[in-house]
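The structure appears right after this line, and notes come after that.
Protein chains: 2
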Amino acid sequence: MTVTIYDVAREANVSMATVSRVVNGNQNVKPATRKKVLKVIEELGYRPNAVARGLASKKTTTVGVIIPDISNSMYAELARGIEDIATMYRYNIILSNSDQNENKELQLLETMLGKQVDGIVFMSDVISSELLYEMKRSPTPIVLAGSIDDSNAIASVNIDYYGAAYEAMKKLIDNGHTRIAFVSGLFSSKVNKDKLKAYRQALEDASIEVDEQLVIECDNSYDEAIEAVNTLAPHKPTAYFVSNDEMSIGVIHGVEANGQKIPEDVEIISYENSKLARMARPMLTSVALPLYDIGAVSMRLLTKYMNGEEIEENQVILPYRIEERASTKNA
Amino acid sequence: MTVTIYDVAREANVSMATVSRVVNGNQNVKPATRKKVLKVIEELGYRPNAVARGLASKKTTTVGVIIPDISNSMYAELARGIEDIATMYRYNIILSNSDQNENKELQLLETMLGKQVDGIVFMSDVISSELLYEMKRSPTPIVLAGSIDDSNAIASVNIDYYGAAYEAMKKLIDNGHTRIAFVSGLFSSKVNKDKLKAYRQALEDASIEVDEQLVIECDNSYDEAIEAVNTLAPHKPTAYFVSNDEMSIGVIHGVEANGQKIPEDVEIISYENSKLARMARPMLTSVALPLYDIGAVSMRLLTKYMNGEEIEENQVILPYRIEERASTKNA
DNA sequence: TTGAAAGCGCTAACAG
DNA sequence: CTGTTAGCGCTTTCAA
Chain A
1 MTVTIYDVAR EANVSMATVS RVVNGNQNVK PATRKKVLKV IEELGYRPNA
51 VARGLASKKT TTVGVIIPDI SNSMYAELAR GIEDIATMYR YNIILSNSDQ
101 NENKELQLLE TMLGKQVDGI VFMSDVISSE LLYEMKRSPT PIVLAGSIDD
151 SNAIASVNID YYGAAYEAMK KLIDNGHTRI AFVSGLFSSK VNKDKLKAYR
201 QALEDASIEV DEQLVIECDN SYDEAIEAVN TLAPHKPTAY FVSNDEMSIG
251 VIHGVEANGQ KIPEDVEIIS YENSKLARMA RPMLTSVALP LYDIGAVSMR
301 LLTKYMNGEE IEENQVILPY RIEERASTKN A
Chain B
1 MTVTIYDVAR EANVSMATVS RVVNGNQNVK PATRKKVLKV IEELGYRPNA
51 VARGLASKKT TTVGVIIPDI SNSMYAELAR GIEDIATMYR YNIILSNSDQ
101 NENKELQLLE TMLGKQVDGI VFMSDVISSE LLYEMKRSPT PIVLAGSIDD
151 SNAIASVNID YYGAAYEAMK KLIDNGHTRI AFVSGLFSSK VNKDKLKAYR
201 QALEDASIEV DEQLVIECDN SYDEAIEAVN TLAPHKPTAY FVSNDEMSIG
251 VIHGVEANGQ KIPEDVEIIS YENSKLARMA RPMLTSVALP LYDIGAVSMR
301 LLTKYMNGEE IEENQVILPY RIEERASTKN A
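So the sequence lines, in the order shown, correspond to chains A and B. Quick note on the UniProt record's numbering: the first sequence kicks off at 1 and runs consecutively. Quick note on the UniProt record's numbering: the second sequence kicks off at 1 and runs consecutively.
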């Protein structure tokens, strides 16, 4: 039925070994032989079976990607970075959504290892100790993309979330605000914890008392951000530091619904800088997260591990910047 | 090094066949034996090798997904639908971006077939005849998700793009508009061609002359949509039919920048109904595309083909609806 | 430069 | 209920 390497060998009057050599670009084949084999391959429509190849060579040229939710634009952007570099290095990607559910993450890890992936890129806001344990004993290299493991046991690619948040807060403080609200995503996420820490520290460093009522935890959605604004209203914030662009748009709408002007009455700094930031009115000043790059660099790092290269530093920190737009008063 | 089925068999004093049976949940194993084997599996940390299994069984339990761009929210939504159903049926997904580049699509198809995927979900605005030819001779089932092949040779899941566009236009016409602009994505896309056809037909059916100057083709981006509004301004449209939510937001901003009010001076109907539609101000009336469902149903259909089930109808059409919001004047 | 042969780890008859 | 035995299609020594 399907044509195998054996069929090609017979048809071309050579051994399977020789066919294998030409298929794999091995130079030890006489040009004439190569040509003959290639011709037969063409005629028979031979297509190498990657599964058999994987079994024999113990390499599948596919990597696993465990991601919270591909329909979330942040992760989609990360995934694109991963995939582009994977393609560049001739790897395919097995992509699975975990919904940040630990059991699912554990099970996905298991499935992927079973499928003999050559490496894994893992994303999650929280890395449980059990997960960490499994990752450490993984026979296959793993890198965390935009995800933090405090023990630094697993390679990872991130930005300085704390530093970025601190700088954003600093800007708001420098603009004279003392009532700055923080509309955050879930604090179960290490990244949000870092932002909170920066929020507090920046305030303290400026001798501004931290008012816990100005801190609100939401589920990252537009709707909850609007609600957050209403909850915060009695506490009269004059500036908002917001965890992502979607929520920032919610904040804008909430604030405007209450009759306040941005940035005249209220300033906002977001944290993501997706294309939404430019589609908002006013356009959002935002910490620019290099999501695509985090994905790309993670995958690149993974290729090094897969090649058995020695890595100098397994924790890579990418640069961020703050994109100033109309939601803040700028110099 | 790694523990194989053979190690387990030896340790448990049974044959590999028996181990294979318990691993695969075959009922023909005495409970005591099963228990013994399970225990050894546990002790040894045995993990079945899916590659070997795939080679022996000729099934990989993985399906290929060829998608234009996962970082585009429309496709990400589709992908999520696909993945969820795949997971439900225990399939994994190999995901690749094609950027709608025909050569890449062709090559991806080849790669996935080489990897022995059990099925493929394919997405693309344009299905070239060469692609169609390759798909037809694919040894593995393929279904098109949200993509059209006029010949109906390949199974597909879509909505009635034409009908949806016609209905949207009808609504605008019923609201009294005679100068309706169409801000479209690329006409190389079959879906956009259908919308254009509906645009014209709806106008004709209402005895309104079609003014080609009111039709603008853009690249689906926010920025080009704003530009489109400016290009259209001299032709004084009083309503806009727009190809997707992102562009609709561009239209809103373009229109407002010109001092017009929505929906008082200008009405807008979008075509997508992503969460952006609710995040826009005014909120967008929009044709609701069931992207997630298209993905899910495609995958479900694929499972049927992979199981060799007989399919009554290979062209499935899902329902759409129009979500009325503030960008149009409603009854 | 080429071929022979031994696996890779598992499934799937088939036999008992 | 369990074991034996062929492969699945390819890579990879090892010889020649």
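The beta carbon of each residue, even a glycine, is placed where N, CA and C say it ideally should be. Here the structure is a predicted model, which is why all the values come from computation and not from measurement.
Setting aside the 5 residues that flank it on each side, residue 193 of chain A is surrounded in the same chain by 187, each with a C-beta closer than 8 angstroms to its C-beta; the list follows chain order. Taking 8 angstroms as the cut-off, the Cβ atoms of residue 143 of chain B and residue 302 of chain B count as close. Here residue 321 of chain B is bridged, per DSSP, to B:288. At a Cβ-Cβ threshold of 8 angstroms, residue 228 of chain B and residue 216 of chain B count as neighbours. C-alpha of residue 175 of chain B to C-alpha of residue 269 of chain B: approximately 12 angstroms in a straight line.
Taking every protein chain shown into account, the CB of residue 88 of chain A has fewer than 16 other CB atoms within 10 angstroms, so this residue is exposed. The alpha helix (DSSP H) runs lying completely inside the stretch 95 to 163 of chain A and spanning 4 residues or more are 102 to 114 and 129 to 136, given in chain order.
Runs of the alpha helix (DSSP H) lying entirely within the stretch 64 to 99 of chain A and spanning at least 4 residues, in chain order: 73 to 88. One finds nothing in chain A with a Cβ atom closer than 7 angstroms to the Cβ of residue 120 of chain B; even the nearest lies about 13 angstroms away. In terms of beta-carbon proximity, residue 226 of chain B stays away from the interface with chain A, with every pair separated by 8 angstroms or more. Counting of Cβ neighbours within 10 angstroms places residue 18 of chain B among the buried residues, the total reaching 16 or more. Listed along chain A, no residue sits closer than 9 angstroms to residue 16 of chain B by beta-carbon distance, the nearest being about 16 angstroms off. Taking residue 127 of chain A as reference, the option from A:118, A:154 and A:58 with the minimal CA-CA separation is A:154. The C-alpha of residue 55 of chain A is placed about 9 angstroms away from the C-alpha of residue 49 of chain B. For the stretch 285 to 309 of chain A, the beta-carbon criterion of a distance under 7 angstroms to any beta-carbon of chain B is satisfied by none of its residues.
By the CB criterion at 8 angstroms, residue 191 of chain B and residue 125 of chain B fall inside the cutoff. Taking a C-beta distance under 8 angstroms as the contact criterion, residue 44 of chain A and residue 7 of chain A qualify as a contact pair. In the three-state reduction of the DSSP assignment, residue 246 of chain B falls in the helix class, which pools H, G and I.
Within the stretch 165 to 215 of chain A, the alpha helix (DSSP H) runs of at least 4 residues that lie entirely inside it are, in chain order, 190 to 205. Using a Cβ-Cβ distance cut-off of 8 angstroms, the stretch 74 to 84 of chain B and the stretch 290 to 298 of chain B are in contact, since at least three pairs of beta carbons, one from each stretch, lie closer than that value. Nearest neighbour of residue 305 of chain B by Cα position, chosen from B:281, B:139 and B:255, turns out to be B:139. Around residue 83 of chain B, the beta-carbon contacts reaching into chain A at under 8 angstroms are 70, 95, 96 and 97. With fewer than 16 other Cβ atoms from the protein chains shown falling within 10 Å of its own Cβ, residue 2 of chain A counts as exposed. Nearest CB-CB separation between residue 100 of chain A and chain B: not below the 8 angstroms threshold. Residues of the stretch 251 to 267 of chain A whose Cβ lies closer than 7 angstroms to any Cβ of chain B, in chain order: 253.
By the C-beta density criterion, residue 307 of chain B is exposed, having fewer than 16 other C-beta atoms within 10 angstroms. With fewer than 16 other beta carbons inside 10 angstroms of its own, residue 42 of chain B counts as exposed. Excluding residues up to 5 positions away in sequence, 142 and 154 lie with their Cβ nearer than 6 angstroms to the Cβ of residue 135 of chain B in the same chain. Nearest in C-alpha terms to residue 96 of chain A, of all of B:90, B:98 and B:99, is B:90. Under the three-pair Cβ rule at 8 angstroms, the stretch 242 to 258 of chain B counts as touching the stretch 269 to 286 of chain B. Secondary structure of residue 269 of chain A (DSSP, three-state): strand. For residue 33 of chain B, the enclosing alpha helix (DSSP H) starts and ends at 31 to 44. Residue 209 of chain A has its alpha-carbon roughly 51 angstroms from the corresponding atom of residue 99 of chain B. Interface annotation, residue 66 of chain B: not in contact with chain A, CB-CB separation never under 8 angstroms. Contact of residue 315 of chain A with chain B by beta-carbon distance below 8 angstroms is absent, the smallest such distance being about 26 angstroms. Here residue 316 of chain A carries a strand assignment [DSSP, helix/strand/coil].
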